[in-house]
Amino acid sequence: MNKCQQTALIRNRLGLHARAAIKLVELAQSFDATVRIKSDDREVTADSVMGILLLDSAQGQYIDIIAEGPQSQQALTAICALIEQKFDEEE
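Heads up: the sequence shown is residues 48 to 138, going by the working numbering.
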């Protein structure tokens with residue numbers, strides 16, 4: 048099974064708040080891959096808004112994105128781009 052991983056820096060001012068978490072979950076679910084997000088010692092699946100919120104990831108914090116499955120690389124690339132674009136939020 049395909050597995051890939053990348054570290055990303057949370058750049059948006061509000062961090063992984065509800066609106067950003069919803070965007071991340073919707074994007075992750077659009078791929079044929081299982082995506083997990085890891086922050087410090089916590090790891091959650093990217094299909095749970097509540098799980099992502101519990102990571103409490105703030106601006107300036109690094110998270111690891113782990114994707115497994117047929118579209119793991121596409122999922123990882125898209126999620127990292129979303130984070131890089133600050134979840135399309137105005138600053």
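Just so you know, even glycine gets a beta-carbon here, dropped at the ideal spot from N, CA and C.
(message) If you follow the alpha helix (DSSP H) that A125 is in, where does it begin and where does it stop?
(response) S119 to E131
(request) Label N128 either buried or exposed according to how many other C-beta atoms from any shown protein chain fall within 10 Å of its C-beta, with 16 as the threshold for buried. (result) The question names Asn, but residue 128 in the sequence shown is Ala. Exposed, since its Cβ has fewer than 16 Cβ neighbours within 10 Å.
(message) According to DSSP, simplified to helix, strand and coil, what is L100?
(response) helix
(request) Would you decide whether S119 is buried or exposed? Buried here means 16 or more other CB atoms lie within 10 Å of its CB. (result) buried
(request) Report the rounded CA-to-CA distance for Q53 versus F78, giving the unit in angstroms. (result) 17 Å
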